[in-house]
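S.K.:
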Amino acid sequence: MSIENIANDTILEIKDLTVHYVTEEETVEAVNDLSLSVKRGKSLGLVGETGAGKTTTALSILRLVPDPPGRIIKGTVEINGKDVYQASAAELEQIRGNEVAMIFQDPMTVLNPVFTVGEQIAECVEIHEHCSKADAWNRALEMLEMVGIKADRANDYPHQFSGGMKQRVVIAIALTCNPHLLIADEPTTALDVTIQAQVLELMKDLKEKTGTAMIMITHDLGIVAETCDEVAVMYAGRIIEHGTLEDVFRNTRHPYTEGLFNSLPNIHDRKAQLKPIRGLMPDPSNLPKGCSFAERCEYACERCFEERPVPMKHSETHTVACLRYEEDGFQIERSKK
Ligand SMILES: Nc1ncnc2c1ncn2[C@@H]1O[C@H](COP(=O)(O)OP(=O)(O)OP(=O)(O)O)[C@@H](O)[C@H]1O
Ligand code: SF4
Ligand SMILES: [Mg+2]
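Per the working numbering, the sequence shown starts with residue 573, numbered consecutively.
#1: Rounded C-beta distance between alanine 624 and alanine 808? I'm assuming under 8 Å.
#2: Identify every run of the beta strand (DSSP E) within the region 786-826, keeping only runs that are complete inside it and at least 3 residues long; order them along the chain.
#3: Return the Cβ separation of aspartate 855 and lysine 614 in integer angstroms, given the expectation that the two are a contact with Cβ distance under 8 Å.
#4: Would you kindly report the start and end of the unbroken alpha helix (DSSP H) that includes serine 615?
#5: With DSSP collapsed to three states, give me the class of glycine 901.
#6: Where does threonine 891 fall in DSSP's three states?
#7: In chain order, what are the residue ranges of uninterrupted alpha helix (DSSP H) at least 4 long that sit wholly in the region 599-681?
#8: Run the CB neighbour count on arginine 822, radius 10 Å, all protein chains shown included, and call it buried at 16 or more, exposed below.
#9: Please determine whether the Cβ atom of alanine 624 lies at a distance below 6 Å from any heavy atom of ligand 1.
#10: Would you report the Cα separation of isoleucine 812 and lysine 722, rounded to the nearest angstrom?
#11: Nearest-angstrom Cα distance between isoleucine 667 and leucine 634?
#12: Considering only residues of the same chain and omitting the five flanking positions on each side of isoleucine 693, which have a CB-CB separation below 6 Å?
#13: Helix, strand or coil, according to DSSP, for tyrosine 593 in the structure here?
#14: Taking DSSP as the reference, what is the three-state secondary structure of aspartate 757?
#15: List in chain order: all unbroken beta strand (DSSP E) runs of 3+ residues lying wholly within the region 701-777.
#16: From the DSSP output, read off the bridge partner residues of isoleucine 586.
Structural data, given as structure tokens:
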């Protein structure tokens, strides 16, 4: 148990995590040398385009990466100072049940179509709080109300709810164990925009009320700005920029993050052109030797194709992995590409 982590209020600490999917045909290097931490009560947005390794990172935290083909090649994950990869089956059950909860994109991966939503929430309460059936049922009704669903819907089945309401039920289930950390993997992607806003508002409220720390995985920088204290940007299995919202949104350093912001439509200037980042993320089963972003980067120089940048601190809170910034903040010139 890491005394240091308990003392500094770190709830999650990932160090040098490397996860591959190994099949007969190829080895997908999904997550590479990834380190990050989350403090109690704080929320971290994990952003990046499809295939960047966000879900694999989330699954690794709870030792849920399917094996085969998934393999944890190296690294450690500590939750509340406990090493997840050294944990016994009983300790792992305690971590998964009581310390960390996960919400996935599709609520039906969690909900069972043949039980009422009330029964499903009550069952979780009973398991976690070791209480009577009657107490669990009453608590389930309270949880439903807390996520904005009238208690008299408790006897309805999942198919009788809209997508947004089903996701609210999943959030209620996730919160029954009063988790220290809630990992939400694209929780609103399947919902339409107005319902999306309501579910995000609800998550923000609950975070403030319960003090749960959160990892919000999303493609959407707007969602991060709304719900998170910090942001980590992932590219080809690595975190390439990490900092507070202020650091990453106002003092953007990494060319990929810059590209993500440039590709957003500007609501204040309707004539502004969308500038998608040219090219594609490299094939994770054949990653380049140097910087993974080099092929798409307008600042790339020869060195970028040879040398892999490592994360470097630019301030107490802001870390960037780009050769453009040396320790003294020196910037290389924009190439002519
Ligand atoms: N079970 C698996 N077997 C083989 N490869 C996998 C498996 N799961 C994920 N991968 C690969 O690992 C890489 C990272 O996938 P991951 O799902 O972690 O990305 P992601 O950032 O969550 O993407 P998205 O935004 O689309 O959800 C991808 O190249 C993906 O194809
Ligand atoms: S290391 Fe080079 S190629 Fe990679 S993001 Fe920085 S400038 Fe671009
Ligand atoms: Mg994913």
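The beta carbon of each residue, even a glycine, is placed where N, CA and C say it ideally should be. On a predicted model such as this, the values are computed, not experimentally measured, just so you know.
M.R.: So, from the data block:
#1: 7 Å
#2: 802-807, 810-816
#3: 34 Å between Cβ atoms; not a contact.
#4: Bounds of any alpha helix (DSSP H) do not take in serine 615; it lies within the beta strand (DSSP E) bounded by 615-619.
#5: With a pLDDT of 48 at glycine 901, under the threshold of 50, the modelled position of this residue cannot be trusted; read the value that follows with caution. Per DSSP, reduced to three states, the secondary structure at glycine 901 is coil, with no helix or strand assignment.
#6: Three-state result, threonine 891: strand.
#7: 626-633, 661-666
#8: exposed
#9: yes
#10: Cα-Cα distance, rounded: 43 Å.
#11: 8 Å
#12: Ala712, Met715, Ala744, Ile745
#13: strand
#14: strand
#15: With a minimum length of 3 residues, the continuous beta strand (DSSP E) runs that stay inside the region 701-777 are 753-757.
#16: Leu608, Val649
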